[in-house]
Each structure stands twice: as structure tokens, then as C-alpha cells.
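For the sequence shown, the working numbering gives the first residue as 1, with consecutive numbering after it. Where is the CB? At the ideal position from N, CA and C, for every residue including glycine. Scroll down for the structure; my scribbles are underneath it.
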Amino acid sequence: MRILFSRCTDTARGLLPALVRRSAAGVEGAHFGRREKESTVVILGATGTGKSKLSIDIAALFSAEVVNADKIQVYRGLDITTNKMPMVDRRGVPHHLLGELDPAEGVLTSTGFRSLASAAVTGIASRGRIPVVAGGSNSYIHALMAECCDERVNPFDGAPAATRGSLRYRSCLLWVDVEASALAEYLDRRVDEMLRAGMLEELERYFATGEDPSERHPGLGKAIGVPEFREYFQQRTAAAYDEAVAKVKNNTRRLAKDQVRKIEQLGAIGWSLQRLDATPVVAARLAGCSRMAEAEAWERDVMGPSFRSVESFLRDANCSTF
1 MRILFSRCTD
11 TARGLLPALV
21 RRSAAGVEGA
31 HFGRREKEST
41 VVILGATGTG
51 KSKLSIDIAA
61 LFSAEVVNAD
71 KIQVYRGLDI
81 TTNKMPMVDR
91 RGVPHHLLGE
101 LDPAEGVLTS
111 TGFRSLASAA
121 VTGIASRGRI
131 PVVAGGSNSY
141 IHALMAECCD
151 ERVNPFDGAP
161 AATRGSLRYR
171 SCLLWVDVEA
181 SALAEYLDRR
191 VDEMLRAGML
201 EELERYFATG
211 EDPSERHPGL
221 GKAIGVPEFR
231 EYFQQRTAAA
241 YDEAVAKVKN
251 NTRRLAKDQV
261 RKIEQLGAIG
271 WSLQRLDATP
281 VVAARLAGCS
291 RMAEAEAWER
301 DVMGPSFRSV
311 ESFLRDANCS
321 TF
């Protein structure tokens with residue numbers, strides 16, 4: 001089975017971690033021949049809505065493992081800039097394809113992700129555990145879930161017919177959503193928090209080699225923050241810094257809008273999405289409410305409904321089966 005990466009047309013099989021490579025080799029027939037459909041929970045949502053937290057909450061309750069579906073977080077490095085969840089916050093939940101790939105090997109294509117994530121899903125299910133796919137890269141999620149995946153067709157670019165048809169897995173599809181203006185305000189604050197946590201220093205180390213990140217790391221080099229701060233590290237002026245921060249915030253808000261648009265397209269072509277409104281959670285955080293108030297909103301509006309849906313799904317009830 002070829003795992004497809006692109007530095008134009010490269011195939012970078014060596015980029016696979018050894019464990020995933022062994023798993024991938026053993027499931028080629030399973031994923032392209034006759035097989036039973038694994039039960040899979042999928043968590044979609046824009047950046048900053050709480051997908052990662054929900055994936056860990058579900059995994060802790062249902063004996064599950066998480067498969068990352070973020071096309072930047074699959075690479076090693078820039079953990080603050082790419083907003084990877086710290087190890088301590090993962091609560092011991094196993095994660096797959098999170099910071100595992102060498103960014104120097106090329107770009108992981110949607111087809112390549114489909115192969116790697118399929119191997120991870122099969123491995124998780126073979127251990128009697130539940131795969132939870134979570135991430136903001138909807139092209140990756142579509143590539144993994146759709147019965148047919150054509151790398152040449154953009155399923156979100158006016159070609160809805162390409163995304164129709166049955167899904168590869170029995171799927172409980174959860175969409176964590178936040179009202180646009182509240183999310184935009186929260187994302188701006190999150191950038192400030194990331195800078196206080198060391199994002200600037202992390203990027204300074206990243207740029208220290210003097211190499212062009214887009215050439216050295218064609219995938220990771222596209223992370224929001226890398227192109228925006230390039231000019232600052234050349235000029236190192238207050239004006240350049242302020243402009244870089246403004247660009248990071250603007251591009252993060254634009255990313256969130258684009259992610260929501262793509263999720264809505266998936267719903268429009270027949271994916272049965274359960275929308276979870278996390279706006280009260282974000283509103284509580286923005287208002288400076290207590291952690292208890294925020295936790296109560298999370299339990300009431302996000303975790304509680306998700307728990308009931310996943311529980312029913314695993315009992316072959318109320319969630320859609322494809």
C-alpha cells in the first residue's frame with residue numbers, strides 16, 4: 001500500500017512511524033476488500049470550539065483512542081503555534097497521528113491521511129476500543145470517511161456529487177459549534193494567550209536556521225503564525241510585530257469561517273451531523289465566569305448530549321448508520 005505525500009509528486013513511505021507502517025501493511029485488504037464497518041465517532045468543528053477536549057472526554061468514558069485529523073498537527077514541532085493539546089491535558093488517552101510525522105518529508109495528502117488513519121482506526125478497533133476521529137481539517141475527515149476518495153476532486157469546491165454515497169464506517173458525527181462573533185472574540189484572545197505561552201520564542205527558534213520554512217517544511221510551514229511572522233523576524237520592529245499579530249488573528253478567524261462552511265456542506269450532502277452548541281461555554285469563558293460555571297455549561301450543552309448520543313450509537317440506537 002502506498003502512503004502518499006507530496007512535495008509535488010514525492011512518495012515518502014519512510015515518513016510513517018514504524019508502528020503505523022506495520023499496521024498499514026496489514027490492513028490493505030481490509031480497507032479495499034470486503035470488511036465489516038468499524039463503529040467510529042467523529043468530532044468536527046471550527047478551531048477553538050472544544051473538539052480536542054470533547055474527544056478526550058469521550059475517550060475517557062468509552063474506552064476509546066483519538067485519531068488526529070488536523071493537517072498541521074500531524075507534524076512534529078511548533079506545538080504552541082499549532083495549538084497541540086499538552087500531554088498533561090490528554091489524561092492518558094492514546095492519540096494517533098498527533099505530532100508523529102517528520103515535517104521535512106513533505107505534505108501529507110488527503111489520500112495519504114486516508115491510508116494512515118484507516119490503519120489507526122483498524123488497529124484501535126482490533127483492540128476492542130472505539131476510534132474517535134477529531135480535527136479541523138475537513139478534507140482529511142472527508143477522505144477518511146467517504147467510501148470513494150479521489151485526490152483530484154475537491155469535495156468542497158462546487159462538486160457535491162463527489163461527496164455523496166455511503167460512508168466507510170458506522171459513524172456518530174458530532175459537530176461542536178460556536179456562534180460566530182463569540183468564537184471570533186475568543187480566537188483573538190487565544191492568540192494572545194499563545195503568545196504569552198511562548199509562541200514568539202518558539203517561532204524565533206524555528207526561523208533561526210535561516211532556511212525558508214515553505215521549502216524546508218512544506219506542510220508545517222503553512223501553520224498560521226509561520227508566514228505571518230516571517231517579516232517580523234527580518235525587521236524586528238514594534239510595527240512589524242503588531243502587524244504579524246493582527247494577521248495571525250485575522251487568518252485564524254478566516255480559517256474558522258472556512259471550516260464551518262465546509263462542515264455545513266457535509267451536512268447539505270447527507271452527512272447526519274449532530275450539532276452541539278458550545279456558545280454558552282465560550283461566553284462563560286469570555287465573561288470571566290468561574291471554572292465551575294464554565295464546566296456546568298460544558299456538561300449541559302456539549303458533554304451531556306454527546307455522551308447520550310455516543311452511548312445510544314454504541315447500542316445500535318438513534319445515531320445514523322451508513
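Taking the CB atoms as reference points, tell me whether residue i and residue j lie closer together than 8 Å.
i, j, result
"Leu187", "Ala256", "yes"
"Ile130", "Ser52", "no"
"Ala223", "Thr82", "yes"
"Leu173", "Leu44", "yes"
"Pro94", "Gly77", "no"
"Asp301", "Leu276", "yes"
"Gly219", "Leu108", "yes"
"Ser110", "Glu151", "yes"
"Ser63", "Val132", "no"
"Glu141", "Ala238", "Reading the sequence as shown, one finds Ile at residue 141 and not Glu. The answer is no: Cβ separation not under 8 Å."
"Thr279", "Val176", "no"
"Arg91", "Ala60", "yes"
"Lys84", "Arg170", "no"
"Val281", "Ala297", "yes"
"Ala197", "Ile80", "yes"
Within its chain, find whatever has a CB closer than 7 Å to the CB of residue i; leave out the 5 residues flanking it on each side and keep chain order.
i, result
"Val27", "Low local confidence applies: a pLDDT of 39 at Val27 is under 50, so the model's placement there is unreliable, and no value is given."
"Met87", "none"
"Gly29", "In this prediction, Gly29 has a pLDDT of 37, which is less than 50 and means its spatial position is unreliable; what the coordinates show is noted afterwards. No residues qualify anywhere along the chain."
Return the chain-ordered list of same chain residues with a C-beta closer than 6 Å to the C-beta of residue i, the five sequence neighbours on each side being excluded.
i, result
"Tyr232", "Ala240, Tyr241, Ala244"
"Phe156", "Lys262, Gln265"
"Arg285", "Glu294"
"Ser320", "With a pLDDT of 46 at Ser320, under the threshold of 50, the predicted position of this residue should be treated as unreliable, and no value is reported."
"Ala184", "Arg253"
"Gly221", "Pro213, Ser214"
"Lys247", "Glu228"
"Met194", "Ile80"
"Asn251", "Ile224"
"Val260", "Ala46"
"His96", "Val67, Ala120"
"Met199", "Ile80, Thr81"
"Ala25", "Reliability of the predicted coordinates at Ala25 is poor, the pLDDT of 42 falling under 50, and the value obtained from them is presented with this limitation in mind. Closer than 6 Å at the Cβ level, and outside the excluded window around Ala25, lies no residue."
"Met303", "Asp57"
Which partner residues of residue i appear in the DSSP bridge assignment?
i, result
"Thr40", "Ser171"
"Gln274", "Leu174"
"Val88", "Paired residues: none, contrary to the question."
"Val191", "Per DSSP, none; premise fails for Val191."
"Gly267", "For Gly267, which the question treats as bridged, DSSP gives no partner whatsoever."
"Pro131", "Glu65"
"Ala146", "Leu167"
"Gly45", "Val176"
Taking the alpha-carbon of residue i as reference, which of the options has the nearest alpha-carbon?
i, options, result
"Gly270", "Leu167, Gly48, Thr111, Lys51", "Leu167"
"Ile72", "Arg291, Glu299, Val93, Val226", "Val226"
"Phe113", "Val74, Ala238, Met303", "Val74"
"Val67", "Glu204, Arg291, Ala134", "Ala134"
"Glu65", "Gly128, Glu100, Glu105, Met85", "Gly128"
"Leu314", "Ile58, Glu299, Glu193", "Ile58"
"Leu203", "Glu215, Asp89, His96, Glu228", "Glu228"
"Leu101", "Pro213, His217, Ser306, Glu296", "His217"
"Asn154", "Arg196, Glu147, Ser139, Cys148", "Ser139"
"Gln234", "Ala268, Val42, Glu211", "Glu211"
"Val42", "Gly106, Asp89, Ala287, Ser137", "Ser137"
"Asp89", "Gly50, Gly106, Ala146", "Gly50"
"Pro305", "Gln274, Asp316, Met292", "Gln274"
"Tyr206", "His96, Glu193, Glu105, Arg230", "Arg230"
"Ala182", "Asp316, Arg291, Ala287", "Ala287"
Consider the Cβ of residue i: report whether some Cβ of chain B lies at a distance smaller than 8 Å.
i, result
"Thr81", "No chain B is part of this structure, which consists of one protein chain only."
By Cβ distance, which residues of its chain are closer than 8 Å to residue i, with the 5 residues on each side in sequence left out?
i, result
"Lys249", "Leu187, Asp188, Val191"
"Arg236", "none"
"Glu201", "none"
Complete runs of the beta strand (DSSP E) confined to the region 60-112 [at least 3 residues]: 64-68
Uninterrupted alpha helix (DSSP H) stretches inside the region 191-235 (no shorter than 4 residues): 199-207, 213-216, 226-235
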